[in-house]
Every structure is written in structure tokens, then in C-alpha cells.
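A.B. asks: In the numbering used here, the protein residues as written are 38 to 374. Glycine residues also receive a C-beta, built at the ideal position from the N, C-alpha and C atoms. If you're wondering where the values come from, they're calculated on a predicted model, not measured in any experiment. Once you've had a glance at the structure underneath, I'll fire off some questions.
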Amino acid sequence: MNSNNTILNDIAKKIKISQNILIITHSNPDGDGIGSMLAMYFYASQFCEKIKCLIVDEVPKNLKFLSGTDKIEKFNSQKHTSFLKKSDLILFLDFNDLTRIRELGTPVAETSAYKIMIDHHPDTKDIAHITYVNTHASSTGELVWNIISNDIEAKLNINIVNALYAAIMTDTGSFRFSSTTAKVHEIIAQLIDLGADPYLLYDKIYNQSSINVVRLLGLVLSELKLFESGKVCIMQISEDMFRKTNTTTKDTEFIVERTLGIEGVLVGILLTEVKERNEIKISLRSKREVEINKVANNLGGGGHRNASGANIKNVTLENATEMVLRQISKLNLAKNL
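In C-alpha cells form, the structure reads like this:
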């Protein structure tokens, strides 16, 4: 038995002997975080009756159609402290640092529960008893697939299948990113054979924008700026833009992907004003030759080579833009021409 199968079996065994399981994904959850959480919930439910799924933000609107999202709860210390204390297993999905779950981080760290991390991001922190991390994987959904498909006792029902398809599709940019390997297509083929509907899942996730979200996108595109001789595209979303279009930060999920659609652009940046937390959210994207996670790391964030992010508190959009551009200048983009 190879070491990879050993860790897959160890995770499955731990799930099957646990009585109270807590599943967590990161703040500002995306399709991979939510999809992986739901797949693991429906898998673990085959062996354990008491399971809770917790997040510190809301489930994105475009993912609420997935079965099981009604089981995902927003963390409330008064409501959930009791379950936290009696949990004997906590699953960390799609994050590797407790700062990524904000106010939930401290109570989780204080529990005596056995902890398992399943993730594909670099710079892993030592916060779990079992760490199943593969930075070459396309998504956490791919790793969850490995666990479930390796278990001969597991039933790959349609809820698991749809959740994993959504997780992998969204984190590969609908199979456009360089992380889309032959193995990814093999997994997707199996998910389709098991009942996943590619058209329906894509349509539900990407083609349901409200008119207000489209108007927000229009405002953002009208004010985009190019730097570094056209190699860097920066978009900004101000609180005023949200007010004018009656939208919120929850409506910005896919805007950053637009930054790389301009000829000659190697780096795309979206800066979003988050008034309620007095911070600027920075989303960073790059074409494959540019290591944009170096910029994110220098700004206190992190992520993948071509998709990263950071949050900066107590600064204006203009200040944050200047900070990002100073870090971008260190990349020497001229060498990537």
C-alpha cells in the first residue's frame, strides 16, 4: 500500500469512528470550499449522525442551489460553542491557517478534537493531526474525491457528485487554469458518468447574475486602469459603487477573472472596499509565468502561483493600490514579455 492510499484510508477510518464531526471551510467561501464541504458532509453522513458545517460568512448566492447548503450554518459563538467543545473530529477544508476562519480560529484551536486538514494551498501551518495537502492538485475537491472514491464502503450519491463537480469546475476556472490536468478530466468524466450535468451546473453557478451585479460590473470596467506598460490591469470596487448598484461584496466573486481578458495583461488585480471590516480585499490573478503569490505573501496574504489574495486593514483604496503596485514592480514583468 503506498503512502497516499495510507493517508486516504486513515482519514476515512477516523471519520467512521467519530461521533461528533465539525466541518469548516475558509472565510469568503468559494465553490471549492463549499463544494468540498458538502461532498464531505454527505460522505460522512453515511457513517455519523451528528455533523455540523460551519463558516464565518454566508454561502454565496450562486451556490445555494446545491443540495445541503441549508445544512451550512454561519458561526455564532453562543449557538455553536457547545458543539465545538464536544466535537471529536474537525475537518479543515480548503485552508491551511486558522487566520482564514477569523473569529472561529481561536475556539477551534482550543478544542481537544482530532483535526484533519485537506487542502491544496502552499505554506501549510502545523494545525492538524493529519495533513493531507497536495499543492499540485487542482482543488480541494479533487482531494476529497480521492478520499471518497478510495473508500469501497462509500456511496457516491448525486449530492456528492454535484458538489465535487462544482468544487473542481470553479477552482479550475471552468477547466481553463494550468492546474487542469489529465487527471482532472478523468475525475470529471467519472462524475458525469455518475450523474453530474455539466450544462446545469455551469448555468446555475455562472449565468445567474442579477441586473444589479451586471451594472456593478459595468461601473468597475469603466474605471479600470493599466500599469507597467499595459501588463498590469487594476480594477477597484468602492463602497459608493456598491451603494449605486445596490450590491454587496458577495456579488464580486467572478469580477477579478475579467482582469486577464485584456490583450497584453499578465497580472490582474481587484481591490474591493469592505467597509464593515474597515479593510481592502485584494484579489490577485496572473498568467502562468508570473508568480503572483509573492505579491500576496508580501502583503500578508497568500495563495497559489497564479491566484492569490490578501486583506489590508485601515487603508484607503488609493493607498492599497499604491502598496500593491510597489510589490508588483519587484516582479520584473519585462522578463515575461
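(1) Consult DSSP for residue 213 and reduce its assignment to one of helix, strand or coil.
(2) Report the option in 109, 129, 243 whose CA atom is closest to the CA atom of residue 162.
(3) Quick check: the Cα distance between residue 353 and residue 317, rounded to an integer number of angstroms?
(4) Which residues in the same chain as residue 195 place their Cβ atom closer than 7 Å to its Cβ, once the five residues preceding and following it in sequence are excluded?
(5) Skipping 5 residues on each side, what residues in its chain have a beta carbon closer than 6 Å to that of residue 79?
(6) So what does DSSP say about residue 156, is it helix, strand or coil?
(7) Measure the beta-carbon distance from residue 55 to residue 126 and round it to whole angstroms, keeping in mind my assumption that it falls under 8 Å.
(8) Using CA atoms only, rank isn't needed, just tell me which of 240, 343, 141, 209 is closest to residue 323.
(9) What's the gap between the Cα of residue 356 and the Cα of residue 94?
(10) What span of residues does the beta strand (DSSP E) with residue 110 cover, start to end?
(11) So, with DSSP's three-state summary, where would you put residue 195?
(12) Using a Cβ-Cβ cutoff of less than 6 Å, which residues in the same chain neighbour residue 331 once the five nearest sequence positions on both sides are dropped?
(13) On the three-state DSSP scale, how would you describe residue 311?
C.D. replies: The relevant details are as follows:
(1) Along the sequence shown, one-based indexing puts residue 213 at 176. Of the three classes helix, strand and coil, the one that applies to residue 213 here is coil, per DSSP.
(2) Numbered from its first residue, the sequence shown carries residue 162 at position 125. Closest option to residue 162, Cα to Cα, is 129.
(3) Residue numbering aside, residue 353 sits at position 316 when the sequence shown is read from its first letter. Residue numbering aside, residue 317 sits at position 280 when the sequence shown is read from its first letter. Within the model, the alpha-carbon separation for residue 353 versus residue 317 is close to 7 Å.
(4) To locate residue 195, count along the sequence shown from 1; it is residue 158. Once the five neighbours on either side are set aside, the close Cβ partners of residue 195 are 232.
(5) Sequence index remark: in the sequence shown, residue 79 carries index 42 (1-based). Excluding sequence neighbours, residue 79 sits near 196, 197.
(6) As a working mapping, residue 156 is identified with position 119 in the sequence shown. Residue 156 falls in the strand class under three-state DSSP.
(7) Within the sequence shown, residue 55 is the residue found at index 18, counting from 1. Within the sequence shown, residue 126 is the residue found at index 89, counting from 1. Indeed, because the Cβ distance is near 4 Å, the residues count as touching under 8 Å.
(8) As a position in the sequence shown, residue 323 is number 286, starting the count at 1. Ranking 240, 343, 141, 209 by Cα distance to residue 323 puts 343 first.
(9) The residue you call residue 356 lines up with position 319 of the sequence shown. The residue you call residue 94 lines up with position 57 of the sequence shown. If I take the Cα positions, the gap works out to 26 Å.
(10) Start at 1 with the first residue of the sequence shown, and residue 110 comes out as number 73. Counting along the chain, the beta strand (DSSP E) containing residue 110 begins and ends at 109-111.
(11) Counting from one through the sequence shown, the residue named residue 195 turns up at place 158. Helix.
(12) Working through the sequence shown from its first residue, we reach residue 331 at position 294. No residues qualify anywhere along the chain.
(13) Reading the sequence shown from its first residue, position 274 is the one you call residue 311. Of the three classes helix, strand and coil, the one that applies to residue 311 here is strand, per DSSP.
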